[in-house]
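Start counting the sequence shown at -7; every next residue gets the next number (this note's numbering).
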Amino acid sequence: MMVKGIKMKKTLTLLTMTASLAACVDHGHDSDHSHDHGDNSHQHSHSTDITNDNVKDITGTIFTSRATNCAEYANEYTSNVKDVNENTAYAGRLKISLENGQCVFNTNAIPNHDFNDGSRTFRNPVSEQDVTYTIPQSPKMSDKITELSLRADNAVFLNGVKLDLLAAGCFGVGDGFIGCGDTEQPFRFDPMSSLNSFGTDSHNAHTQPDGTYHYHGNPLAMFTASSKAASPVIGFAADGFPIYGSYFDDNGTIRKAKSSYVLKNNGSLRADVVFAGKTYSPGGSYDGQYVDDFKYDALAGGDLDECNGMTVDGHYGYYVTDAYPWVLKCFKGTPDDSFNKKRPTKGPKRKL
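Structure, rendered in structure tokens:
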């Protein structure tokens, strides 16, 4: 088997830390179409080389900690995983350090689980990155929400892989798969919709043109989907607030958090939209193929706010949901600039 990256020695040392981890992992569905992403690299100022023996091997780990302060996860982590379709081995590296009241995530963006296990291989092979994200240890609510943008990543998970929810494919723009760089453009495809095929693997992830592996929704490998206990923290949004799995404790009942987004007009016929002097008419009904098909309805019986978050036991966080917007729709706090994407110097702006 061909090996990408540096081989890491697995440590058997059990670290005394709140983010205690137990080894095991599950895999799910596959998909069969590959799309391009772009505008996705970052300014890099740290190295992901592991420099000491205090390293935690998180290969195939299921996360269990509900600690909401990112400082509780400060450590160095490694993983040894496989690109299934390409039969290639990779070594994941993540370092979480503390600097001036902030948590610094330096990662090579290789996950802690096997990947590229769909019916078709990724269009672009996975490659190691050198990315640094910074979030506050004590995030604060902002006076106004910040919408998701094509110019910024949304979150970083505790395995070092980013969340990048928005596709750059829209109805009536180019081939529909790339080139839709205006965040306001109507009828943007939802990569998580079963009506679309974005070439993701069983973890709702795939690659961008530079090989960056990233999620579009639930990683399906980082937490146990069970009503026996509230889900753990699996990552942190760009504003510093934690991202939980799907389950929470509702006054003694453990159940899945429910999104408050519903299909527009109860799923009736989709209306045309005029944008920048042009009329866009995809036809059909509001069925979830496009992110525009949904609207927030606080009275629809959901648990979560317009950003897909809520406060439980005094702690605000975002939740993985089985329906749109899947993880988060906006930010309640202020996203850190380290999540901004570096603009490409050559070629078209492409993202998926």
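Yeah, the Cβ is synthetic: ideal placement off N, Cα and C, and Gly gets one too. This structure is a prediction, so every number in the text was calculated from the model and none was measured.
Option in the options with minimal Cα separation from residue i
i	options	result
A230	P327, P117 and S119	P327
S111	E78, V123, G259 and G203	E78
N210	T99, S194, T199 and A221	S194
G191	H208, G84, Q94 and N151	H208
H105	A144, Q281 and F215	F215
I137	Y308, N67 and E298	E298
H198	N108, L140 and G161	N108
M133	Q200, N332 and G301	G301
C162	P131, G84, F179 and N61	F179
G152	S273, T53, V283 and R262	T53
Y65	F149, A144 and R143	F149
S185	I226, Y82 and L157	L157
N257	G244, F240, Y272 and G276	G276
H206	G293, E120 and C322	E120
A83	T51, T56 and G164	T51
P131	Q94, A213, Q177 and V76	Q94
Where residue i falls, given that 16 or more other Cβ within 10 Å makes a residue buried
i	result
D305	exposed
S39	Residue placement at S39 is poorly supported in this model, since its pLDDT is 45, which falls under 50; the coordinates are not used for a value here.
N354	No information on residue 354 is available, as it lies outside the stretch -7 to 344 that the chain covers here.
R335	exposed
S223	buried
T382	Here the chain has residues from -7 to 344 only, and residue 382 is not among them.
K324	buried
K154	buried
D18	For D18, the pLDDT reaches just 35, beneath the cut-off of 50, and the residue's location in the model is therefore unreliable, leaving the point undetermined.
S219	exposed
S37	Confidence in S37 is poor, its pLDDT being 41 and thus under 50, which makes the residue's placement unreliable; the coordinate value appears in the next sentence. Per the 10 Å Cβ criterion, exposed.
D264	exposed
Q281	buried
D279	exposed
S330	buried
L4	Bear in mind that the predicted position of L4 carries a pLDDT of just 32, short of 50, making it too unreliable to give a figure here.
E68	buried
P167	The sequence as given places Asp at residue 167; Pro does not occur at that position. When all chains shown are included, D167 counts as exposed.
G269	exposed
E139	exposed
L291	exposed
S260	exposed
F196	The amino acid occupying residue 196 in the given sequence is Asn; Phe does not appear at that position. The residue in question, N196, is buried, as its Cβ has 16 or more Cβ neighbours within 10 Å.
According to DSSP, residues forming a beta bridge with residue i
i	result
L261	S277
D242	T245
K287	V254
Y207	L155 and A197
A229	A147
S71	G84
H307	V304
N100	Partner(s): none; N100 has no beta bridge.
S330	DSSP, once it has assigned bridges, lists no residue as partnering S330.
E139	C322
E91	Q94
F181	Y282
K48	Y69
P128	Q94
K270	F267
Y316	In DSSP, Y316 forms no bridge with anything.
8 Å contact criterion, which residue i and residue j should meet: CB distance rounded
i	j	result
F97	L86	7 Å
V266	F286	With a Cβ gap of about 20 Å, V266 and F286 do not count as contacting.
T70	D49	6 Å
N146	D122	So it is not a contact: roughly 20 Å between Cβ atoms.
T60	V225	6 Å
I235	G294	Not a contact, Cβ separation roughly 17 Å.
N116	G203	6 Å
When the Cβ atoms of the region 222 to 239 are set against those of the region 127 to 145, are three or more pairs found closer than 8 Å?
yes
Flag this pair as touching only if the region 313 to 322 and the region 248 to 263 have three or more C-beta atom pairs under 8 Å; answer yes or no.
Using a C-beta cut-off of 8 Å, the region 313 to 322 makes contact with the region 248 to 263, since at least three inter-stretch Cβ pairs fall below that distance.
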